[in-house]
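K.L.:
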Amino acid sequence: PAKEEASSAPVETPVDVKNEAAAAAAVAPGPTAPTDISAAQDGSLRKYVVRASVAKPVEEEGVTPTDGARMEVDFQWRPVATGSGPAPDATEGWEKEEPRRLDFVLGDCLHCDAVESAIASMRRGETCVVRCGADRAGDPRAWTDASLGLAPAGENDSFFSVDLRLTLVAAEKEKDVMEMEPEDRVRYALGRKDAAAKYFKAARYLTALHKYRLVWDVLDYLKDVKDPQMLEEARTARLQAKLNEAACALKLENAAAAIKSCNEVLKDQPENEKALYRRGSAYLSQGEYLLAETDLKRCVEASPENQEARRLLAQCRSEAKQEGNSQKDVYAKMLTGAGKRRARKR
């Protein structure tokens with residue numbers, strides 16, 4: 069198969085899947101029970117292992133892809149009747165008889181969530197089929213990928229279902245994050261932060277959130293970073309990752325998660341403008357007007373030129389006033405009704 073985006077980066081020697089197919093079949097003679105690999109755990113991406121990895125136990129290190137590693141994958145796809153539920157036949161119906169060879173870095177927003185999630189869960193030499201959109205579950209954007217030909221067939225219904233067949237041919241060896249040298253660990257986290265920004269820009273907010281959370285965790289321990297400039301850069305990146313995690317949560321309409329992320333930042337920087345604004349936004353979405361107004365007032369006081377904070381503060385006060393008037397009306401009706409009942413009793 070032809071390669072895409074060939075690179076001189078070192079990649080592991082591919083497993084000879086043809087010669088070792090019999091050994092693999094002994095481990096996984098047919099599709100296994102499905103595993104839900106969707107980020108939302110909604111059953112929309114069901115992974116079936118049709119050939120297990122043939123990597124030997126001594127090769128355990130490096131056979132599972134890590135975020136930011138380069139890999140080679142054989143890829144095929146086929147359309148599926150929407151709502152189709154049974155375990156897929158891995159042998160027939162693929163768009164092309166020969167698989168397409170993909171050569172790319174995992175976690176750099178180069179392919180759809182379905183492809184990336186599947187590969188992240190695989191071991192070198194493994195072949196799987198991923199059913200996307202079974203029982204009309206999930207959001208088709210998770211398996212829409214123009215570069216791979218994955219898109220709705222017609223204009224009337226944007227929902228579509230497909231099967232993906234993937235073989236992880238080769239994966240770059242990556243050190244465990246905690247085994248990296250301090251400077252390499254910081255550089256790795258900064259690279260993952262840049263990748264997360266790509267997912268956010270592409271409106272893939274749940275994936276972006278997980279990657280920002282990864283940055284926060286990787287940069288949790290910084291005592292071994294000796295370079296003062298790099299240490300400051302790492303601390304700044306960690307706080308920015310948590311702030312951006314809050315932004316993702318707001319996009320996903322998860323106010324509680326946004327508030328929790330902002331609280332982490334405000335523990336270290338009580339007057340952080342973005343944290344106050346995003347927490348205020350989250351409180352407002354919950355109808356917590358007093359808490360929202362408090363945060364937004366502090367945000368405006370810290371940055372009087374912040375027009376967006378001023379606008380949201382005005383909106384907060386307007387909605388609080390309307391809510392107050394509504395509650396007064398309800399209370400007045402309750403009192404009127406109680407008065408009428410007492411009059412009838414007399």
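Numbering (the numbering used here), first residue to last: 69 to 414. For each residue, glycine too, the CB sits at the ideal point set by N, CA and C.
(1) Where are the alpha helix (DSSP H) runs, 4 residues long or more, that stay fully inside the region 339–391, in chain order?
(2) Given that a residue counts as buried once 16 or more other Cβ atoms are within 10 Å of its Cβ, and exposed if not, what is V83?
(3) Could you check the C-alpha separation between Q297 and K291 for me, to the nearest Å?
(4) Between the alpha carbons of V237 and K164, how many angstroms are there, rounded?
(5) Are three or more beta carbon pairs between the region 308–319 and the region 252–264 nearer than 8 Å?
(6) Check whether the region 105–121 touches the region 187–203, counting contact only when three or more Cβ pairs, one atom from each stretch, lie closer than 8 Å.
(7) Which whole-angstrom value describes the C-beta separation of Y273 and K319, a residue pair presumed to lie in contact below a C-beta threshold of 8 Å?
(8) Could you spell out the range, first to last residue, of the beta strand (DSSP E) harbouring F228?
(9) Using the C-alpha atoms, what's the distance from L277 back to A382?
(10) With DSSP as the reference, label P208 as helix, strand or coil.
(11) Is the separation between the beta-carbon of L258 and that of W145 shorter than 8 Å?
(12) Can you check which of these residues, S353, A326, I105, is closest to I187 by C-alpha distance?
(13) When DSSP labels each residue in this structure, what does L113 get in the three-state scheme?
(14) State the start and end residues of the unbroken alpha helix (DSSP H) segment that holds M298.
(15) Would the beta-carbon of V254 fall within 8 Å of that of A302?
(16) What is the DSSP secondary structure of V197, reduced to helix, strand or coil?
(17) E240: buried (16+ other C-beta within 10 angstroms of its C-beta) or exposed?
(18) What is the DSSP secondary structure of E72, counted as helix, strand or coil?
(19) By a C-beta neighbour count over all protein chains shown, 10 Å radius and 16 as the cutoff for buried, is R379 buried or exposed?
(20) Sorted by chain position, which residues of the same chain lie with C-beta nearer than 6 Å to A271's C-beta, five sequence neighbours on each side aside?
(21) Just to confirm the assignment, what range does the alpha helix (DSSP H) spanning W284 have?
(22) In whole angstroms, what separates the C-alpha of M190 from that of V333?
(23) Just to check my reading of the structure: M139 and P133 have Cβ atoms closer than 8 Å, yes? What is that Cβ distance to the nearest angstrom?
(24) Name the residue from D171, K328, T362, A370 whose alpha carbon lies nearest to the alpha carbon of N340.
(25) Just reading off the alpha helix (DSSP H) that R260 is part of, what are its end residues?
(26) With distances taken Cα to Cα, identify the nearest neighbour of R169 among D142, D176, G161.
(27) For a test of your reading of the model: does the CB of P102 fall under 7 Å from any non-hydrogen atom of the ligand ATP? Yes or no.
(28) Given a cut-off of 8 Å on the beta-carbon distance, is the pair C200 and L113 in contact?
(29) Using only alpha-carbon positions, find the residue among I327, G392, V245, P156 that is nearest to D285.
(30) Whose C-beta lies closer than 8 Å to the C-beta of Y280 among residues of the same chain, with five residues either side of it excluded?
(31) Counting C-beta neighbours from all protein chains within 10 Å, is the total for L216 16 or more, i.e. buried, or is it exposed?
(32) Grouping DSSP H, G and I as helix and E and B as strand, with all else coil, what is D104?
(33) Determine the contact status of L218 and C180, defining contact as a CB-CB distance below 8 Å.
(34) Going straight from the alpha carbon of E247 to that of S386, what length do you get?
(35) Could you check the C-alpha separation between G206 and V293 for me, to the nearest Å?
P.N.:
Reading off the structure:
(1) Listed in chain order, the complete alpha helix (DSSP H) runs (minimum 4 residues) inside the region 339–391 are 341–353, 357–370.
(2) Walking along the sequence shown from the start, residue 83 turns up at place 15. Low confidence applies to V83: its pLDDT is 42, below 50, so where it sits in the model is not reliable, and the reading given next is rough at best. Buried, since its Cβ has 16 or more Cβ neighbours within 10 Å.
(3) The residue you call residue 297 lines up with position 229 of the sequence shown. The residue you call residue 291 lines up with position 223 of the sequence shown. Those two C-alpha atoms are separated by around 14 Å.
(4) Residue numbering aside, residue 237 sits at position 169 when the sequence shown is read from its first letter. Residue numbering aside, residue 164 sits at position 96 when the sequence shown is read from its first letter. If I take the Cα positions, the gap works out to 18 Å.
(5) They touch, by the three-pair rule.
(6) Counting Cβ pairs under 8 Å, three or more are found: they touch.
(7) Indexing the sequence shown from 1 puts residue 273 at position 205. Indexing the sequence shown from 1 puts residue 319 at position 251. Their Cβ separation, rounded to whole angstroms, is 4 Å, which keeps Y273 and K319 in contact under 8 Å.
(8) The sequence position of residue 228 within the sequence shown is 160, counting from 1. Taken as a continuous stretch (DSSP letters only), F228 belongs to no beta strand (DSSP E), as it is neither H nor E.
(9) Against the sequence shown, residue 382 aligns to sequence position 314. Against the sequence shown, residue 277 aligns to sequence position 209. Approximately 29 Å between the Cα atoms of the pair.
(10) Taking the sequence shown and counting its residues from 1, the one referred to as residue 208 is at position 140. For P208, the three-state secondary structure derived from DSSP is helix.
(11) For the purposes of this step, residue 258 is taken as the residue at position 190 of the sequence shown. For the purposes of this step, residue 145 is taken as the residue at position 77 of the sequence shown. Not in contact: L258 and W145 (Cβ atoms no closer than 8 Å).
(12) For the purposes of this step, residue 187 is taken as residue 119 along the sequence shown, with counting starting at 1. Check the Cα spacing between I187 and each of S353, A326, I105: the tightest is with I105.
(13) Here residue 113 refers to the residue found at position 45 of the sequence shown. DSSP places L113 in the strand class (E or B) of the three-state scheme.
(14) For the purposes of this step, residue 298 is identified with residue 230 of the sequence shown, where counting begins at 1. Looking at the DSSP string, the run of the alpha helix (DSSP H) that includes M298 is 296–319.
(15) Translated into positions along the sequence shown, residue 254 becomes position 186. Translated into positions along the sequence shown, residue 302 becomes position 234. Going by beta carbons, V254 and A302 fall inside the 8 Å limit.
(16) The residue you call residue 197 lines up with position 129 of the sequence shown. In the structure shown, V197 sits in a strand (DSSP, three-state: E or B).
(17) For this step, residue 240 is matched to residue 172 along the sequence shown. It counts as buried.
(18) Mapped onto the sequence shown, residue 72 falls at position 4. Confidence in E72 is poor, its pLDDT being 42 and thus under 50, which makes the residue's placement unreliable; the coordinate value appears in the next sentence. Three-state result, E72: coil.
(19) Walking along the sequence shown from the start, residue 379 turns up at place 311. R379 sits exposed, since fewer than 16 C-beta atoms from the chains shown fall within 10 Å of its C-beta.
(20) Position 203 of the sequence shown holds residue 271. Cβ contact annotation for A271 (same chain, cutoff 6 Å, sequence separation greater than five): none.
(21) Residue mapping note: residue 284 aligns to position 216 of the sequence shown, counting from 1. It spans 273–286 - the alpha helix (DSSP H) in which W284 sits, taken as one unbroken run.
(22) Position 122 of the sequence shown holds residue 190. Position 265 of the sequence shown holds residue 333. Approximately 35 Å between the Cα atoms of the pair.
(23) Taking the first residue of the sequence shown as position 1, residue 139 is located at position 71. Taking the first residue of the sequence shown as position 1, residue 133 is located at position 65. Between P133 and M139 the Cβ distance is about 5 Å, and since that is below 8 Å, they are a contact.
(24) Along the sequence shown, read from residue 1 onward, the residue named residue 340 stands at position 272. Cα-wise, what sits closest to N340 is A370.
(25) Taking the first residue of the sequence shown as position 1, residue 260 is located at position 192. Its alpha helix (DSSP H) spans residues 250–269.
(26) Here residue 169 is taken as the residue at index 101 of the sequence shown, counted from 1. For the set D142, D176, G161, the Cα lying nearest the Cα of R169 is the one of D142.
(27) For the ligand ATP, the structure offers nothing, since it holds no ligand at all.
(28) On the sequence shown, position 132 is the one that residue 200 refers to. On the sequence shown, position 45 is the one that residue 113 refers to. Contact: yes.
(29) Stepping through the sequence shown from its first residue, residue 285 is reached at position 217. Ranked by Cα distance from D285, the options I327, G392, V245, P156 are led by V245.
(30) The count along the sequence shown starts at 1 and reaches residue 280 at position 212. For Y280, where only same-chain residues beyond five positions count, the Cβ hits under 8 Å are K261, A264, A309, K310, N312, E313, C316.
(31) The residue given as residue 216 occupies position 148 in the sequence shown. The C-beta of L216 has 16 or more other C-beta atoms within 10 Å across all chains shown, which makes the residue buried.
(32) Counting from one through the sequence shown, the residue named residue 104 turns up at place 36. Secondary structure at D104: strand, using DSSP grouped into helix, strand and coil.
(33) Indexing the sequence shown from 1 puts residue 218 at position 150. Indexing the sequence shown from 1 puts residue 180 at position 112. In this structure, L218 lies near C180, with their beta-carbon atoms less than 8 Å apart.
(34) As a first step, residue 247 must be located in the sequence shown, where it is residue number 179. As a first step, residue 386 must be located in the sequence shown, where it is residue number 318. If you draw a straight line from the Cα of E247 to the Cα of S386, it is about 54 Å long.
(35) The residue given as residue 206 occupies position 138 in the sequence shown. The residue given as residue 293 occupies position 225 in the sequence shown. Cα to Cα, G206 sits roughly 42 Å from V293.
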